[in-house]
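K.L.:
Below you will find the structure I want to go over with you.
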Amino acid sequence: MTAPLKTHAALLIAGLFSFVLMGAGQSLYGPALPAFARDLNLTPAQAGWLISAHWIGCILGVAGMYRLGAVVSPRMALAAMAAGAALIALGPGWIGTFAGAVAFGAGYGCATVVFNPRVLAAFGDKGPSMLSLLNAVFSLGAIAAPLAFVALGSSPRFAFGGVAALCAAICLFAGAADPARPAALEQPQPYQRHWGILAFGMIAVGLEACLIGLGPTALVEAGQSETEAARLLSMFFVAFLLARVALVFAAQVLPSFTLYALAMSGTSAAALAGALFDPALCFVLIGGSAGLFFPSYFVTAARKMGTDIRVPATIIAAGLVGGILAPVILTNVVESLGRHGFFWIIGGASGLTAILALLVLRPMNR
Numbered sequence: 239m240t241a242p243l244k245t246h247a248a249l250l251i252a253g254l255f256s257f258v259l260m261g262a263g264q265s266l267y268g269p270a271l272p273a274f275a276r277d278l279n280l281t282p283a284q285a286g287w288l289i290s291a292h293w294i295g296c297i298l299g300v301a302g303m304y305r306l307g308a309v310v311s312p313r314m315a316l317a318a319m320a321a322g323a324a325l326i327a328l329g330p331g332w333i334g335t336f337a338g339a340v341a342f343g344a345g346y347g348c349a350t351v352v353f354n355p356r357v358l359a360a361f362g363d364k365g366p367s368m369l370s371l372l373n374a375v376f377s378l379g380a381i382a383a384p385l386a387f388v389a390l391g392s393s394p395r396f397a398f399g400g401v402a403a404l405c406a407a408i409c410l411f412a413g414a415a416d417p418a419r420p421a422a423l424e425q426p427q428p429y430q431r432h433w434g435i436l437a438f439g440m441i442a443v444g445l446e447a448c449l450i451g452l453g454p455t456a457l458v459e460a461g462q463s464e465t466e467a468a469r470l471l472s473m474f475f476v477a478f479l480l481a482r483v484a485l486v487f488a489a490q491v492l493p494s495f496t497l498y499a500l501a502m503s504g505t506s507a508a509a510l511a512g513a514l515f516d517p518a519l520c521f522v523l524i525g526g527s528a529g530l531f532f533p534s535y536f537v538t539a540a541r542k543m544g545t546d547i548r549v550p551a552t553i554i555a556a557g558l559v560g561g562i563l564a565p566v567i568l569t570n571v572v573e574s575l576g577r578h579g580f581f582w583i584i585g586g587a588s589g590l591t592a593i594l595a596l597l598v599l600r601p602m603n604r
C-alpha cells in the first residue's frame, strides 16, 4: 500500500460508500417521476420540480459549507441525506415530498464539498485520478437504483426508504465516516474566482441534471415503456461508470479541460444522432461522455482558483445553479419540440459549449 493511500484510506473508503448512495438517490428521481406524477396528481412539468428541489437543497448545503466547511463532517452530510430520503419515502403529500428532496439534496451538496477537495489534495499527483475513482463509484449506485426501483414494483416509497436506511447505517456504524482534513488544505492558496470555468461548470452540471432526471421521461415520450426507460437509465450509468474508470488513467495523460471539451463534443454527437436515429441507444452512449463532465470541470476549476476553504463550495455552487435552472427550463420547452425535442436541445447546447471550450482550450489548460 502506498504511503498516501495508507494514510488516507479512511477518507477514501468513507467517500466511496457515500458516493455510491449519492448516485443511487439522484438516479431514482428520473424513473420515479411518472409515479410521483400519478400519486400526487401532478403534470410532468410539475413533477419535474422534484429534480430542481434536489438541486435547490444541494446549493443550500453548499452555501452552508462556504462558511462552515471546516466543521461539517461526513457523518453530518449522511444524516441529512438519510432524513431527506426517509421523508420522500413517507410520501406526505407534495409539500412534504418536495421538502424531502431539498433535505436529501442538502446532504448531497455537503458530501460533495466534504469529499472532493479532500481526496484531490490528499493524494498529490494522483489526486485527479483518485477524484475520478471517487466519482466513478457514484455510478455504481446510479446503475443499481433504477433496477431496484423496477424490482420493487416501481415504488418510490420502497426505493427511497432503502436509500434512507443505508445512509443511516453508514452514518451510525462506519467508524471511518469522519476522516480528518488533509494537511495540504491547512495552508490554503489564495482564493481567486475564475468566472469562465464557473460558467462552463454551470452548463455541465445543468446538462447532467437534465440527462439523469429528465432522460427517462424523454425516452417514454419517444416510445419506450417506463420499465424500459428505467433499464436504459441503468445502462446510461454503466457507460457513465466506464468513462469515469477510464478517466482514472486518462487524467494522467490529458489536461482536464481538454477532457471537458471532448466530453461536450461526444455528448453533442450522440444526442443529435438520438434525435435523428435511435434515441434509446444514443441515450446510453451519452452516458459515456457525461461521465467526464464533473471531474474534468472540478480539477480545472480547483487548479485555477486555489485551495482556500471557500473554493470547493464556489466551484460546486456554480454547477448547481445549472442543476436548478436547466430542468425547469427544459421541461417547459421540450414539450413544444416533438417526440425527440429533448435530444435536439441537449445536442445543440452541448455542441455550442464544445465550440466555446475549444476556443479557450489553451488558456484553460495553462
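Whatever position you read off the sequence shown (first residue = 1), add 238 for the working numbering.
Even glycine gets a Cβ: it sits at the ideal position worked out from N, Cα and C.
#1: DSSP state of H292, grouped into three classes?
#2: In chain order, what residues of the same chain have a beta carbon less than 6 Å from the beta carbon of A247, not counting five sequence neighbours either side?
#3: Quick one: is W293 buried, meaning 16 or more other Cβ sit within 10 Å of its Cβ, or exposed?
#4: Looking at the ligand ADP, does it come within less than 8 Å of N279, judged from the CB to the closest heavy atom?
#5: Suppose you measure from the CA of Y498 to the CA of M440; what does that come to, to the nearest Å?
#6: What residues in its chain sit with their C-beta under 6 Å from that of G286, if we drop five residues either side in the sequence?
#7: Please say whether F495 and L594 have beta carbons closer to each other than 9 Å?
#8: Would V352 and M303 qualify as a contact pair, given that the criterion is a beta-carbon distance under 9 Å?
#9: What's the gap between the Cα of L371 and the Cα of V476?
#10: Please say whether P282 and T455 have beta carbons closer to each other than 9 Å?
#11: Mind checking whether I297 and L558 have CB atoms under 9 Å apart?
#12: How many angstroms separate the CA atom of S588 from the CA atom of W433?
#13: Give me the residue from L563, S367, A397 and A442 with the minimum Cα distance to Q264.
#14: Three or more beta-carbon pairs under 8 Å between the segment 314-332 and the segment 362-382, yes or no?
#15: Here's the rule I'm using: 16 or more other beta-carbon atoms within 10 Å means buried, otherwise exposed. How should L597 be labelled?
#16: Report buried or exposed for R541, applying the criterion of at least 16 other Cβ atoms within 10 angstroms of its Cβ.
#17: Which value, in whole angstroms, describes the spacing of the CA atoms of A513 and F376?
#18: When you compare the CB positions of M543 and I553, do they come within less than 9 Å of one another, or not?
#19: Figure out for me which residue from P493, L523, L492 and A518 has the closest Cα to the Cα of S621.
#20: Specify, as a first and last residue, the run of the alpha helix (DSSP H) that Q264 falls within.
#21: If S463 and L385 are in contact, beta carbons under 8 Å, what's the gap, nearest whole angstrom?
#22: How big is the Cα-Cα spacing for A301 and G343?
#23: Compute the Euclidean distance between the alpha carbons of A442 and S311, then round it to the nearest angstrom.
#24: For I593, which of helix, strand or coil comes out of DSSP?
#25: So for G544, helix, strand or coil by DSSP?
#26: Would you say A489 and P550 are within 9 Å of each other, going by their C-beta atoms?
P.N.:
So, to answer that:
#1: As a first step, residue 292 is located in the sequence shown; it is residue number 54 there, counting from the start. Residue state, collapsed to three classes: helix.
#2: For the purposes of this step, residue 247 is taken as residue 9 along the sequence shown, with counting starting at 1. Hits under 6 Å: none found.
#3: Residue 293 sits at position 55 when you count from the first residue of the sequence shown. W293 comes out buried.
#4: This structure lacks the ligand ADP, and indeed carries no ligand of any kind.
#5: Here residue 498 refers to the residue found at position 260 of the sequence shown. Here residue 440 refers to the residue found at position 202 of the sequence shown. When rounded, the distance between both Cα atoms is 13 Å.
#6: If you number the sequence shown from 1, residue 286 lands on position 48. Contacts found: P565 and T569.
#7: Looking up residue 594 in the sequence shown gives position 356. Looking up residue 495 in the sequence shown gives position 257. For L594 and F495, no; Cβs fall outside 9 Å.
#8: Taking the first residue of the sequence shown as 1, we reach residue 352 at position 114. Taking the first residue of the sequence shown as 1, we reach residue 303 at position 65. For V352 and M303, yes; Cβs fall inside 9 Å.
#9: In the sequence shown, the residue the question calls residue 371 occupies position 133. In the sequence shown, the residue the question calls residue 476 occupies position 238. Rounded to the nearest angstrom, the two C-alpha atoms are 14 Å apart.
#10: Your numbering for residue 455 matches position 217 in the sequence shown. Your numbering for residue 282 matches position 44 in the sequence shown. Yes.
#11: As a working mapping, residue 297 is identified with position 59 in the sequence shown. As a working mapping, residue 558 is identified with position 320 in the sequence shown. Contact flag set, yes.
#12: In the sequence shown, the residue the question calls residue 588 occupies position 350. In the sequence shown, the residue the question calls residue 433 occupies position 195. Answer to the nearest angstrom: the Cα atoms are 19 Å apart.
#13: By one-based count along the sequence shown, residue 264 stands at place 26. The residue with the shortest Cα to Cα distance from Q264 is A397.
#14: no
#15: For the purposes of this step, residue 597 is identified with residue 359 of the sequence shown, where counting begins at 1. The residue in question, L597, is exposed, as its Cβ has fewer than 16 Cβ neighbours within 10 Å.
#16: For the purposes of this step, residue 541 is identified with residue 303 of the sequence shown, where counting begins at 1. By the 10 Å Cβ count, R541 comes out buried.
#17: Numbered from its first residue, the sequence shown carries residue 513 at position 275. Numbered from its first residue, the sequence shown carries residue 376 at position 138. Approximately 28 Å between the Cα atoms of the pair.
#18: Within the sequence shown, numbered from 1, the residue matching residue 543 stands at position 305. Within the sequence shown, numbered from 1, the residue matching residue 553 stands at position 315. Yes.
#19: Absent from the structure is residue 621, since the part of the chain shown begins at 239 and ends at 604.
#20: Locating residue 264 in the sequence shown gives position 26, where the first residue counts as 1. Looking at the DSSP string, the run of the alpha helix (DSSP H) that includes Q264 is A247 to D277.
#21: If you number the sequence shown from 1, residue 463 lands on position 225. If you number the sequence shown from 1, residue 385 lands on position 147. Contact flag wrong, Cβ pair sits at about 15 Å.
#22: Reading the sequence shown from its first residue, position 63 is the one you call residue 301. Reading the sequence shown from its first residue, position 105 is the one you call residue 343. C-alpha separation (whole angstroms): 12 Å.
#23: Translated into positions along the sequence shown, residue 442 becomes position 204. Translated into positions along the sequence shown, residue 311 becomes position 73. Straight-line Cα distance between these residues: approximately 27 Å.
#24: In the sequence shown, counting from the first residue as 1, residue 593 sits at position 355. Helix at I593.
#25: Along the sequence shown, one-based indexing puts residue 544 at 306. In the structure shown, G544 sits in coil (DSSP, three-state: anything other than H, G, I, E or B).
#26: Taking the sequence shown and counting its residues from 1, the one referred to as residue 489 is at position 251. Taking the sequence shown and counting its residues from 1, the one referred to as residue 550 is at position 312. Contact flag unset, no.
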